[in-house]
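Engineer:
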């Protein structure tokens, strides 16, 4: 069973009284262990698709299944639980919680999952070590570089071992070298841990490293390259 | 625990804004507490002016004496009663008195006055008159025809220590009687009615003069715990102080003073309520700004699957921290300043001239009761929590995707 399945997904926004279609019938299946990038020009619907798969938004039409659950049929609390237990997010703007240290940002997600104090400390330290930030664990986001912040964000996304990690333009705010190093980290996690990644990006480096590339144009998948 | 820590850190994200609102609340609390301490001091002084001079905390009198003070309603002086009264918990002094209205005269003038025959050794334990002597001395047990008068009376009578004063009164049998007394001391309490019309002479001299040997009109009982009058009254009643006697508290004898205190505190409650409403707007503004500017962050939290109730907890706890911190600062500063003026005394002599009827003497000792601190803290916390509800409600209504787009 695929971890993500989209069937005829449409999403239309409204700009005043004018309907603006963002997705115009997307069919998609992503299996466990994939390392997939959704590419396309600005406004092609990448972020919209990722938001729908991430249970952050609801489609105008069609169905989205994540981990076998029909998102359309779930309550707000159930969607929140789904995000908490099954999904990891990496945002373009890092979006770490500024009053937390790197360690606390990583631990936070385990805390909301109800993991005990000692266990979450151990796991958070372990993950920070793997992303190469163990010696900066007590720094707050404003004391870290962009690349370091995004590594913390990746650590936060993977620490609970979610079924799927959604990364929305993760390298967009990083220089090419830092971006490449971050992508290498995620490739490694995919290869060694079998973690499933789904990116949205128009960064060539992301596309080159992904094993599957979906090209999105005007709200439709126009190419599915393996 | 992490929610508490998060809320505390969030509070100090914008140090300047938080400091300003903490200062505003603290100053508000200080305003409330300063006025409260002044009122407490004033009421305590008003009570002390009456209780600590003529009335006493608890009184033993003949049935009906309070309504109709008359020598006919006297009690036998039980010599063993004093030591028994002193065994009652919280009682610090007991003194028998024989009171009567007299006409005081000298060559200069004649005026009605209130004479109190008292036990010179026991009076200091129940009233502040013996310690208010400004000229001469207080009465001695072996004094014969001696009298202590108030400074205002001395001034009006143009008399002084060593001079004579003639007093006239009706004995209990209706016969008129007069005696000449030597002024041995002059007191000044700062309370004009007392300084003008009270005079004190030794109990045996008063008894002899009025033909009431072995009798008194009242026992005055003083206490170290001013709020335990009823407890003391019951214990005194249990001593069975004499047939035909009744035990009363100062509140029963001076209900108007109790009502005045109630009125003052009711007014203070309303007045302080307005203070807190004004402060509430400041807190509401701070909380709302703090939440609105974190819209994106709440979006991230929602995206990560944080429960909405956790977000509400963080916002409410921020308000709680703000209230507790500001209360600690406001009450702490208030307590220190009030304690300074309590020890030093607030010199109001320049302003209280002519305000004697309000019960004010020259030096006021403001103080705060633990209940004042607790009430202000509770009110601040309640206000802050109420003001956090709207921002919290706004935060939980956020749609994650909209919140994430927020700049």
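Chains as they are written, first to last, in our numbering: chain X, 1 to 226; chain L, 1001 to 1407. In this text, a Cβ means the ideal position worked out from N, Cα and C, and glycines have one as well.
If the cut-off is 8 Å on Cβ atoms, which residues from the region 1300-1326 of chain L count as contacting chain X, listed in chain order?
Structural biologist: Result list: 1300, 1301, 1302, 1303, 1304, 1305, 1306, 1307, 1308 and 1310.
Engineer: Buried or exposed for residue 1063 of chain L, please, with buried defined as at least 16 other CB atoms from any protein chain shown within 10 angstroms of its CB.
Structural biologist: Numbered from its first residue, the second chain carries residue 1063 of chain L at position 63. By the neighbour-count rule (16 or more Cβ atoms within 10 Å), residue 1063 of chain L is not buried but exposed.
Engineer: Any Cβ of chain C within less than 9 Å of the Cβ of residue 1296 of chain L?
Structural biologist: Reference to chain C is not applicable here, since the protein chains of this structure are X and L.
Engineer: What are the boundary residues of the alpha helix (DSSP H) that includes residue 46 of chain X?
Structural biologist: Numbered from 1 along the first chain, position 46 holds the residue referred to as residue 46 of chain X. 46-53 is the span of the alpha helix (DSSP H), which, as asked, contains residue 46 of chain X.
Engineer: Going by the CB atoms, is the gap between residue 1173 of chain L and residue 1211 of chain L shorter than 9 Å?
Structural biologist: Here residue 1211 of chain L is taken as the residue at index 211 of the second chain, counted from 1. Here residue 1173 of chain L is taken as the residue at index 173 of the second chain, counted from 1. It is a contact, given that the beta carbons lie within the stated cut-off.
Engineer: For the region 1003-1017 of chain L against the region 92-106 of chain X, do three or more pairs of beta-carbon atoms, one drawn from each stretch, fall closer than 8 Å, so that the two count as touching?
Structural biologist: Short answer: they touch.
Engineer: Please state the DSSP three-state secondary structure of residue 13 of chain X.
Structural biologist: The count along the first chain starts at 1 and reaches residue 13 of chain X at position 13. Strand.
Engineer: Measuring CB to CB, does residue 1302 of chain L end up less than 9 Å from residue 1334 of chain L?
Structural biologist: Mapped onto the second chain, residue 1302 of chain L falls at position 302. Mapped onto the second chain, residue 1334 of chain L falls at position 334. Taking 9 Å as the Cβ cut-off, residue 1302 of chain L and residue 1334 of chain L do not qualify as a contacting pair.
Engineer: So that I know if they touch, is there some Cβ in chain L lying closer than 9 Å to that of residue 73 of chain X?
Structural biologist: Here the question's residue 73 of chain X lines up with position 73 in the first chain. By this cut-off, residue 73 of chain X is not an interface position.
Engineer: Exposed or buried, what is residue 1202 of chain L when buried is set at 16 or more other beta-carbons lying within 10 Å of its beta-carbon?
Structural biologist: Sequence index remark: in the second chain, residue 1202 of chain L carries index 202 (1-based). So residue 1202 of chain L ends up on the buried side.
Engineer: Could you name the residues of chain X that residue 1013 of chain L contacts, counting a contact when the two beta carbons are closer than 8 Å?
Structural biologist: Taking the second chain and counting its residues from 1, the one referred to as residue 1013 of chain L is at position 13. 98 and 99, listed in chain order.
Engineer: Do we get a CB-CB distance below 9 Å when we pair residue 1383 of chain L with the residues of chain X?
Structural biologist: Sequence index remark: in the second chain, residue 1383 of chain L carries index 383 (1-based). No, residue 1383 of chain L does not count as interfacial toward chain X.
Engineer: Tell me residue 1102 of chain L's beta-bridge partners as DSSP assigns them.
Structural biologist: Within the second chain, the letter at position 102 stands for residue 1102 of chain L. Residue 1102 of chain L pairs with L:1113.
Engineer: What did DSSP end up calling residue 1039 of chain L once you bin it into helix, strand or coil?
Structural biologist: Taking the second chain and counting its residues from 1, the one referred to as residue 1039 of chain L is at position 39. If DSSP states are grouped into helix, strand and coil, residue 1039 of chain L belongs with the helices.
Engineer: Given that a residue counts as buried once 16 or more other Cβ atoms are within 10 Å of its Cβ, and exposed if not, what is residue 1042 of chain L?
Structural biologist: On the second chain, position 42 is the one that residue 1042 of chain L refers to. Classification for residue 1042 of chain L: buried.
Engineer: At the level of alpha carbons, what is the spacing between residue 1096 of chain L and residue 1075 of chain L?
Structural biologist: Locating residue 1096 of chain L in the second chain gives position 96, counting from the first residue. Locating residue 1075 of chain L in the second chain gives position 75, counting from the first residue. Between residue 1096 of chain L and residue 1075 of chain L, the C-alpha separation is close to 10 Å.
Engineer: What separation, rounded to the nearest whole angstrom, lies between the Cα atoms of residue 1113 of chain L and residue 1069 of chain L?
Structural biologist: Numbered from its first residue, the second chain carries residue 1113 of chain L at position 113. Numbered from its first residue, the second chain carries residue 1069 of chain L at position 69. Near 14 Å, if we compare the C-alpha coordinates of residue 1069 of chain L and residue 1113 of chain L.
Engineer: Ignoring anything shorter than 3 residues or poking outside the region 1195-1230 of chain L, list the beta strand (DSSP E) runs there in chain order.
Structural biologist: Runs of the beta strand (DSSP E) inside the region 1195-1230 of chain L: 1198-1202 and 1218-1223.
Engineer: Of all the residues that make up the region 79-93 of chain X, which are near chain L by a beta-carbon distance shorter than 8 Å?
Structural biologist: The residues in question are 80, 81, 82, 83, 84, 85, 87, 89 and 91.
Engineer: Check whether the Cβ atoms of residue 49 of chain X and residue 145 of chain X sit closer than 9 Å, and answer yes or no.
Structural biologist: One-based indexing of the first chain puts residue 49 of chain X at position 49. One-based indexing of the first chain puts residue 145 of chain X at position 145. Not closer than 9 Å, so no.
Engineer: Roughly how many angstroms separate the alpha carbons of residue 150 of chain X and residue 183 of chain X, rounded to a whole number?
Structural biologist: Counting from one through the first chain, the residue named residue 150 of chain X turns up at place 150. Counting from one through the first chain, the residue named residue 183 of chain X turns up at place 183. C-alpha separation (whole angstroms): 11 Å.
Engineer: In angstroms, rounded to a whole number, what distance separates the CA positions of residue 989 of chain L and residue 1014 of chain L?
Structural biologist: Given that chain L is displayed from residue 1001 to residue 1407, the structure contains no residue 989 of chain L and the question cannot be resolved.
Engineer: Are the region 1144-1153 of chain L and the region 1178-1187 of chain L touching by the rule of at least three beta carbon pairs closer than 8 Å?
Structural biologist: Yes, the region 1144-1153 of chain L is in contact with the region 1178-1187 of chain L.
Engineer: I'd like the span of the beta strand (DSSP E) that includes residue 215 of chain X, first residue to last.
Structural biologist: Numbered from 1 along the first chain, position 215 holds the residue referred to as residue 215 of chain X. Where residue 215 of chain X is concerned, the enclosing beta strand (DSSP E) stretches over 212-217.
Engineer: Which chain L residues sit within Cβ distance under 9 Å of residue 56 of chain X?
Structural biologist: Here residue 56 of chain X refers to the residue found at position 56 when the first chain is read from its first residue. The answer, in chain order, is 1299, 1302, 1303, 1399, 1400, 1401 and 1404.
Engineer: How about residue 1286 of chain L and residue 1029 of chain L: are their beta carbons less than 9 Å apart?
Structural biologist: Here residue 1286 of chain L is taken as the residue at index 286 of the second chain, counted from 1. Here residue 1029 of chain L is taken as the residue at index 29 of the second chain, counted from 1. Cβ distance not < 9 Å, so residue 1286 of chain L and residue 1029 of chain L don't count as in contact.
Engineer: Mind pulling the chain X residues with CB within less than 9 Å of residue 1006 of chain L?
Structural biologist: To locate residue 1006 of chain L, count along the second chain from 1; it is residue 6. Correct list: 97, 99, 100, 104 and 108.
Engineer: Are residue 1322 of chain L and residue 1022 of chain L closer than 9 Å when you measure CB to CB?
Structural biologist: Start at 1 with the first residue of the second chain, and residue 1322 of chain L comes out as number 322. Start at 1 with the first residue of the second chain, and residue 1022 of chain L comes out as number 22. Contact: yes.
Engineer: Taking residue 1010 of chain L as the query, report the chain X residues whose CB atoms sit under 7 Å from its CB, ordered along the chain.
Structural biologist: On the second chain, position 10 is the one that residue 1010 of chain L refers to. Under the 7 Å cutoff, chain X gives 99.
Engineer: Could you check whether the Cβ of residue 1387 of chain L sits closer than 9 Å to any Cβ belonging to chain X?
Structural biologist: Translated into the one-based positions of the second chain, residue 1387 of chain L becomes position 387. Not an interface residue.
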